[in-house]
Amino acid sequence: MESASYDFIVVGAGSAGCVLANRLSADPSVQVLLLEAGPRDSSPWIHIPVGYYKGIVNPAIGWGYETDPVPGTHNRRISWPRGKVLGGSSSINGLIYIRGQAQDFDHWRQLGNSGWDWDSVKPYFIRSEGRDRGADAFHGADGPLGVSDVHRNELCDAYIEAARQAGIPYNDDFNGARQEGVGYFQLTTRRGRRSSTAVSYLKPARKRPNLHVVTGALATRILLEGRRATGISYLHNGETRTASVRRELVLSGGAINSPQLLQLSGIGPGALLQSHGIEVVADIAGVGSSLQDHYQARNIYECTRPLSVNDEVRSPLHKVAAALRWALFRTGPLAIGAGHVGLFARTRPELETPDVQFHFIRFSADEAGGKLHDYSGFTVSVCHLRPESRGSIHIRSADAREPPAIQPNYLDTTGDRDTMVAGMQLARKIIAIPAMKSYVRREVLPGPDVNSDEEMLEYIREYGSTIFHPTSTCRMGQDDMAVVDERLRVRGVEALRVADASVMPTVVSGNTNASCVMIGEKAADMIVEDSR
636 MESASYDFIV VGAGSAGCVL ANRLSADPSV QVLLLEAGPR DSSPWIHIPV GYYKGIVNPA
696 IGWGYETDPV PGTHNRRISW PRGKVLGGSS SINGLIYIRG QAQDFDHWRQ LGNSGWDWDS
756 VKPYFIRSEG RDRGADAFHG ADGPLGVSDV HRNELCDAYI EAARQAGIPY NDDFNGARQE
816 GVGYFQLTTR RGRRSSTAVS YLKPARKRPN LHVVTGALAT RILLEGRRAT GISYLHNGET
876 RTASVRRELV LSGGAINSPQ LLQLSGIGPG ALLQSHGIEV VADIAGVGSS LQDHYQARNI
936 YECTRPLSVN DEVRSPLHKV AAALRWALFR TGPLAIGAGH VGLFARTRPE LETPDVQFHF
996 IRFSADEAGG KLHDYSGFTV SVCHLRPESR GSIHIRSADA REPPAIQPNY LDTTGDRDTM
1056 VAGMQLARKI IAIPAMKSYV RREVLPGPDV NSDEEMLEYI REYGSTIFHP TSTCRMGQDD
1116 MAVVDERLRV RGVEALRVAD ASVMPTVVSG NTNASCVMIG EKAADMIVED SR
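The opening residue of the sequence shown carries number 636 in our numbering; numbering runs sequentially from there.
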């Protein structure tokens, strides 16, 4: 293994990496190596949709990252779960399938990234999708990635009606002609099971003799000859191993690990690298910069009737019934994701597109992955879709085993703060509508003592968190801070690309997994085209 050579090496078997492994190895004449730092996706909880609630706090399949103290959140350190397992974060995420707004991708093109406008990326979304509801002008039905509708529920229907009475239009497809509105989410599930990229893309390709998958392999350094990538060094079973690459090395470690590996390899901000004794190969200031993430705050309510998932899994008997319901019919509380109803709205009428997203969730807890409340609770999570704040990912040392410094700089601008406050107040307004009010016994959080915008901002600072969508730390572009070009090639380094959420010029307006799959699909096509 130490001296093995491959045509392509993909580092990271996540949302984009598994797609790349499948598409590149479809050519039997090429040898493909896929490295993953985590284990196989063998835990049953990974494949049960509600298992995400365990997965995001499970150290066996996650990196367990934590931010540095964030000034905008009263200097709190915030947990940042990321998947460390085959499938990456697609194996532990909340399963919500949202592509973003067409304007997001058109904006990428306006920033100088040709081939990334909506009309150019839409075919890759369609190609990847296997939607239960069937194909149409916006959707595919034959793709690897399973996409299913959320089951209807009385409490969710009441919330949708309240939002409509508040002036929010109904939308039965956030991934169709428009995003704005309220309606049920779509999930990356197939027949009631999680459709991670490990299941949907990697598993069908595993029997190919030209695809080699190594788990438990922590990449430590890109091997370079001058400014050309020639291979990878990684730790496996306590030993340092290397693999050489004949054509291209592709980083798909995500918004944290990809910039970290570049920096460890001498590609990044020169002063940072020198401070850790790393020889500078390519002084690229933008590596690890431009970090974006969606910050969320939650309203939690107690319901007047037992319509919450909290009620459906409260006792041991309830848990057994829920398990049987999922095993027999693939329905019930074990079949749910991180949101039942979605809402995309504009906090200001002059905006052309929604700037906030709500997740209406039919359960409640103090924190993600925490014990469900003893009362019948539900949650309305609010996040700002297009944050102005920018953060960074920087190595702390030359040791790949040491987690990097993560500074998201949440709520760093007036615009971010105002939008979050407006979103939270809108969430309250909808709950007070008659169609929903009869289901509410009390507001638990923020609670009756939080009323003014100033008080709401303090609540947001103290109790907000990530909604798990970090991007843009190796962003694509034409300016001096760009890391990759529109073909995802690292600037100034040959035979090296990045293909994951880190290349997004700006974060998409919604959950990021679907766009990462699209990036993997498009990157595979570009790599094949450029290698001819």
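Where a beta carbon is used, it is the ideal one built from N, C-alpha and C, also for glycine.
Kindly indicate which residue of the options has the alpha-carbon position closest to the one of residue i.
{"i": "Ala772", "options": "Ala801, Asp808, Pro804 and Glu947", "result": "Asp808"}
{"i": "Val948", "options": "Ile971, Asn748 and Ile733", "result": "Ile971"}
{"i": "Ala852", "options": "Lys842, Ser1166, Tyr930 and Glu874", "result": "Glu874"}
{"i": "Asp642", "options": "Thr865, Asn1146 and Arg841", "result": "Thr865"}
{"i": "Glu883", "options": "Arg1124, Pro758 and Val692", "result": "Arg1124"}
{"i": "Phe964", "options": "Arg825, Trp753 and Gln800", "result": "Arg825"}
{"i": "Ala890", "options": "Thr1106, Ser924, Ile795 and Gly750", "result": "Thr1106"}
{"i": "Tyr614", "options": "Asn1086, Asn1146, Ile1162 and Phe979", "result": "Here the chain covers residues 636 to 1167 and nothing more, so residue 614 does not appear."}
{"i": "Gln821", "options": "Val1163, Asn1146, Ser1166 and Ile1162", "result": "Asn1146"}
{"i": "Thr1177", "options": "Ala1057, Ala1117 and Arg1096", "result": "Limits of the chain in this structure are 636 at one end and 1167 at the other, which puts residue 1177 out of reach."}
{"i": "Met1116", "options": "Leu858, Ser650 and Gly923", "result": "Gly923"}
{"i": "Ile913", "options": "Ile902, His1104 and Met1091", "result": "Ile902"}
{"i": "Pro716", "options": "Ala1003, Cys791 and Tyr936", "result": "Ala1003"}
{"i": "Glu1121", "options": "Glu1089, Asp1160, Val1085 and Phe1103", "result": "Asp1160"}
{"i": "Gly765", "options": "Pro704, Ser1087, Asn710 and Val1152", "result": "Val1152"}
{"i": "His1008", "options": "Gln909, Pro989, Pro941 and Val1128", "result": "Pro941"}
Just mark residue i as buried or exposed, buried being the case when its beta carbon has 16 or more other beta carbons within 10 Å.
{"i": "Val991", "result": "buried"}
{"i": "Cys653", "result": "buried"}
{"i": "Lys719", "result": "buried"}
{"i": "Pro1083", "result": "exposed"}
{"i": "Met1071", "result": "buried"}
{"i": "Tyr819", "result": "buried"}
{"i": "Gln1113", "result": "exposed"}
{"i": "Ala793", "result": "buried"}
{"i": "Asp676", "result": "buried"}
{"i": "Arg695", "result": "The sequence as given places Ala at residue 695; Arg does not occur at that position. With fewer than 16 other Cβ atoms within 10 Å, it is exposed."}
{"i": "His1104", "result": "buried"}
{"i": "Gly811", "result": "exposed"}
{"i": "Leu1061", "result": "buried"}
{"i": "Glu1089", "result": "exposed"}
{"i": "Thr1049", "result": "exposed"}
Name, in chain order, the residues that DSSP records as bridge partners for residue i.
{"i": "His1029", "result": "Ala1040"}
{"i": "Gln821", "result": "Asp784"}
{"i": "Tyr641", "result": "Val880"}
{"i": "Thr1014", "result": "Ile935 and Ile996"}
{"i": "Phe979", "result": "Gly816 and Gln992"}
{"i": "Leu670", "result": "Val646 and Val849"}
{"i": "Arg856", "result": "Ser868"}
{"i": "His1019", "result": "Val991"}
{"i": "Asp918", "result": "Gly903"}
{"i": "Ser678", "result": "Its beta-bridge partners do not exist; DSSP assigns none."}
{"i": "Tyr700", "result": "Trp715"}
{"i": "Thr875", "result": "Leu870"}
{"i": "Tyr805", "result": "Val817"}
Quick check: is any heavy atom of the ligand SAH less than 8 Å from the C-beta of residue i?
{"i": "Leu730", "result": "Looking at this structure, you won't find the ligand SAH or any other ligand, since it has none at all."}
Grab me the residues of residue i's own chain with a C-beta within less than 6 Å of its C-beta, minus the 5 sequence neighbours each way, in chain order.
{"i": "Ser831", "result": "Gly722, Ser725 and Ser726"}
{"i": "Trp753", "result": "Ala737, Phe740 and Asp741"}
{"i": "Val944", "result": "Pro968, Arg997 and Phe998"}
{"i": "Ala651", "result": "Ser887, Ala1134, Asp1135, Cys1151, Ile1154 and Gly1155"}
{"i": "Val760", "result": "For the record, residue 760 in the displayed sequence is Phe; it is not Val. For Phe760, where only same-chain residues beyond five positions count, the Cβ hits under 6 Å are Arg734 and Met1153."}
Within a Cβ cutoff of 8 Å, which residues of the same chain sit near residue i, ignoring the five residues on either side of it in sequence?
{"i": "Arg762", "result": "Gly775, Gly778 and Glu1156"}
{"i": "Ala656", "result": "Val645, Ala648, Val667, Leu669, Tyr836, Leu837, Ala840, Leu846 and Val848"}
{"i": "Gly977", "result": "Ile731, Ile733, Phe809, Val817, Gly818, Tyr819, Phe820, Gln992, Phe993, His994 and Phe995"}
{"i": "Lys954", "result": "Val948"}
Could you name the residues of the same chain whose beta carbon sits closer than 7 Å to that of residue i, not counting the 5 residues immediately before and after it, in chain order?
{"i": "Gly905", "result": "Val915 and Asp918"}
{"i": "Met636", "result": "Note that Met636 scores 43 on pLDDT, short of 50, meaning its location in the model is unreliable; the coordinates nonetheless yield the value given after this. Cβ within range, chain order: Arg876."}
{"i": "Ala957", "result": "Glu947, Val948, Gly967, Pro968 and Leu969"}
If you measure from the beta carbon of residue i to each beta carbon in chain C, is any gap under 9 Å?
{"i": "Tyr936", "result": "No chain C appears in this structure, which consists of one protein chain only."}
Task: Segments assigned beta strand (DSSP E), at least 3 residues, entirely inside the segment 1071-1110 - done: 1075-1080
* Asked: Which whole runs of the beta strand (DSSP E) in the segment 713-796 are 3 residues long or more, in chain order?
  -> 764-766 and 780-784
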